[in-house]
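In our numbering, each residue carries its 1-based index in the sequence shown increased by 1281.
Virtual Cβ for every residue (Gly too), placed ideally from N, Cα, C.
Have a look at the structure below, then the notes.
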Amino acid sequence: MKVLITGAAGGLGRTYINECIKRSYEVCATDINNNGLITMREGIYNRYRKNILTYPCDLTNDNSVNKLMDYLKEQQFEVDMLLNVAGIDFEGGFLDRSFSEIQNVINLNILGTLRVTHKILSSKEFSKRFYIINISSLAAEQPIPLKATYAASKRFLLDFSRAIGEELKSKHVNVLAVCPGGLATTCEVMHAINGQGFFGAITTCNMERVVTHSIDYVLKGKTKYIPGIFNKLASCLNYLLPINFTTKYLYKRWAKAQSTWLTGLVEEIKV
1282 MKVLITGAAG
1292 GLGRTYINEC
1302 IKRSYEVCAT
1312 DINNNGLITM
1322 REGIYNRYRK
1332 NILTYPCDLT
1342 NDNSVNKLMD
1352 YLKEQQFEVD
1362 MLLNVAGIDF
1372 EGGFLDRSFS
1382 EIQNVINLNI
1392 LGTLRVTHKI
1402 LSSKEFSKRF
1412 YIINISSLAA
1422 EQPIPLKATY
1432 AASKRFLLDF
1442 SRAIGEELKS
1452 KHVNVLAVCP
1462 GGLATTCEVM
1472 HAINGQGFFG
1482 AITTCNMERV
1492 VTHSIDYVLK
1502 GKTKYIPGIF
1512 NKLASCLNYL
1522 LPINFTTKYL
1532 YKRWAKAQST
1542 WLTGLVEEIK
1552 V
């Protein structure tokens, strides 16, 4: 199995790489952060004595993705599984962020994912089974004030995954949307999780478990994966409760949480 992983220098991407190595898959890892890729590649070799391919790529730039495709062809790396991990978020209300930051969320989470997915699929002859994992979010399940653009971008990925999964089923393509709650990928994210208190704790997912199960599920042909019993329950409630009620509740929850963790983060930086 040959696997292409985007956003590979981040915490979730690195966890996917570790799992793929354990499964004896061949890996090509890409990220805009080339230094992070180099450090990660060296760490993988030191730990497993395995070599992986790495190539820096800006998924928001068409020319950069074309160069990635050329590299894969040169390396005779015919992708069997695409893991769309790359994504970005900026905390805060819609008017608290610059329009450039909002565009960055859309350009990477949506357009970047579409770009690399379309180019990879367009290069396939579909002579054998092909697998795609798109990292959506529990945030895709409902509108979330103060995370409006991010949540909407993840909803797009969820609906897109379901749609092309059905569309490409006859070509033997399995598409899985992964919708986790919090994942402790960075210190900033951990501050955000802690800022949510009880709800942050019960919605947070074990990253290794999410990675292992998501690969297992896409191989079995499943189309959606929500990790965690509470998260599954919350997803079901979204279809039972009025949308205005959940939107108002989430606004109050996120307003309090962001105030708590952003204040804590600023104080830590000052120290």
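{"Query": "Whole-Å CB distance - S1418 paired with C1460, under 8 Å assumed", "Result": "6 Å"}
{"Query": "Buried or exposed by the 16-neighbour rule on C-beta atoms within 10 Å, applied to I1510", "Result": "exposed"}
{"Query": "Contact the region 1381-1398 vs the region 1433-1442: 3+ CB pairs below 8 Å", "Result": "yes"}
{"Query": "Collapsed DSSP secondary structure at Y1306 in the structure displayed", "Result": "coil"}
{"Query": "Contact between the region 1526-1537 and the region 1420-1439 (3+ Cβ pairs under 8 Å)", "Result": "yes"}
{"Query": "Buried versus exposed call for D1351 [16 or more other C-beta atoms within 10 Å across all chains shown]", "Result": "exposed"}
{"Query": "Extent of the continuous alpha helix (DSSP H) to which M1488 belongs", "Result": "1488-1501"}
{"Query": "Bridge partners - V1454, DSSP secondary structure assignment", "Result": "F1411"}
{"Query": "Which of helix, strand or coil DSSP assigns to L1546", "Result": "Low confidence applies here, because L1546 scores a pLDDT of 41, under 50, leaving its location unreliable; read the following figure in that light. Note: L1546 maps to helix in three-state DSSP."}
{"Query": "CA nearest to the CA of P1337, picked from G1324, L1353, N1487, K1400", "Result": "L1353"}
{"Query": "Minimum C-alpha distance to L1464 - residue among D1377, V1366, M1321", "Result": "V1366"}
{"Query": "Three CB pairs or more closer than 8 Å across the region 1450-1460 and the region 1405-1417", "Result": "yes"}
{"Query": "Local conformation of V1284 per DSSP, three classes", "Result": "strand"}
{"Query": "Rounded distance between the beta-carbons of Q1423 and T1504, thought under 8 Å", "Result": "Not quite, the Cβ-Cβ distance comes to about 19 Å (not below 8 Å), so this is no contact."}
{"Query": "Per-residue DSSP class, three states only, for A1538", "Result": "helix"}
{"Query": "Rounded separation between G1324 and A1289 - CA only", "Result": "13 Å"}
{"Query": "Contact set for R1304: own chain, Cβ-Cβ below 8 Å, skip 5 residues either direction", "Result": "M1282, I1496"}
{"Query": "Counted within 10 angstroms of its Cβ, other Cβ atoms place K1501 as buried (16 or more) or exposed", "Result": "exposed"}
{"Query": "Buried or exposed (CB count within 10 angstroms, at least 16 for buried), I1550", "Result": "Because the pLDDT of I1550 is 32, which lies under 50, any placement of that residue in the model is unreliable, and the question is left without a value."}
{"Query": "Proximity of V1360 and K1400 at Cβ, strictly below 7 Å", "Result": "no"}
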